[in-house]
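Colleague: Right, I'll just put the structure down here and ask away after.
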Amino acid sequence: MSATDNSKPRLRVKILLAAVSGVVAGAVKAGVQWVIDNFTDN
Numbered sequence: 002m003s004a005t006d007n008s009k010p011r012l013r014v015k016i017l018l019a020a021v022s023g024v025v026a027g028a029v030k031a032g033v034q035w036v037i038d039n040f041t042d043n
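Residues in the sequence shown are numbered consecutively from 2, following this note's numbering.
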């Protein structure tokens, strides 16, 4: 099992990066939506 983990470290990195980028994208989208809601609320 550890041999498999050691031979595929990039897969874990890819999954981690995908998760992080997903969270960042969600946060940016939420922030943009918040700004739009506040600045267009006349």
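Every residue, glycine too, gets a C-beta built ideally from N, C-alpha and C.
Report the three-state DSSP secondary structure of residue 42 (helix, strand or coil).
Modeller: The residue labelled residue 42 in the question sits at position 41 within the sequence shown. Residue state, collapsed to three classes: coil.
Colleague: What does the alpha-carbon distance come out to for the pair residue 18 and residue 33?
Modeller: For the purposes of this step, residue 18 is taken as the residue at position 17 of the sequence shown. For the purposes of this step, residue 33 is taken as the residue at position 32 of the sequence shown. Looking at the two C-alpha atoms, the distance is approximately 22 angstroms.
Colleague: Alpha carbon to alpha carbon, how far is residue 22 from residue 31?
Modeller: Here residue 22 is taken as the residue at index 21 of the sequence shown, counted from 1. Here residue 31 is taken as the residue at index 30 of the sequence shown, counted from 1. Cα-Cα distance, rounded: 14 angstroms.
Colleague: How many Å lie between residue 10 and residue 36 at the Cα?
Modeller: Here residue 10 corresponds to residue number 9 of the sequence shown, with the count starting at 1. Here residue 36 corresponds to residue number 35 of the sequence shown, with the count starting at 1. Between residue 10 and residue 36, the C-alpha separation is close to 39 angstroms.
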